[in-house]
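Below is one structure, written out as structure tokens; comments come after it.
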């Protein structure tokens, strides 16, 4: 149980850094161009605009030209194993 708790904490920190932190991680940041919208940017990376907004902690109505966004390439496949208390996220 103690090991499981440590592993769970490490998984949460890693997931937070990779999938929920607005800092660029895997791909270079995307710079918003005039006329861009999250709905137009998201399909380029095969993710939903809602996830792109959540990932960057931004409102789709408040983005501006020159702003940078963290992006990740989708789609994702998530495998949850409740018996092992594990969650695996795979891309492509």
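Numbering (the numbering used here), first residue to last: 1460 to 1551. The C-beta atom is built at its ideal place from N, Cα and C for all residues, glycine as well. Quick caveat: nothing in here was measured; it's all calculated off a predicted structure.
Rounded to a whole number of angstroms, what is the C-alpha to C-alpha distance between residue i and residue j?
i, j, result
"residue 1490", "residue 1497", "11 Å"
"residue 1516", "residue 1484", "15 Å"
"residue 1544", "residue 1463", "8 Å"
"residue 1465", "residue 1480", "21 Å"
In this structure, does DSSP put residue i in helix, strand or coil?
i, result
"residue 1467", "helix"
"residue 1500", "helix"
"residue 1517", "coil"
"residue 1541", "coil"
"residue 1439", "This structure cannot settle anything about residue 1439, because the visible part of the chain is limited to 1460 through 1551."
Tell me whether the beta-carbon of residue i lies closer than 9 Å to the beta-carbon of residue j.
i, j, result
"residue 1521", "residue 1488", "no"
"residue 1547", "residue 1539", "yes"
"residue 1533", "residue 1506", "yes"
"residue 1518", "residue 1495", "no"
For residue i, does the count of other Cβ atoms within 10 angstroms reach 16, so buried, or fall short, so exposed?
i, result
"residue 1476", "exposed"
"residue 1461", "exposed"
"residue 1486", "exposed"
"residue 1512", "buried"
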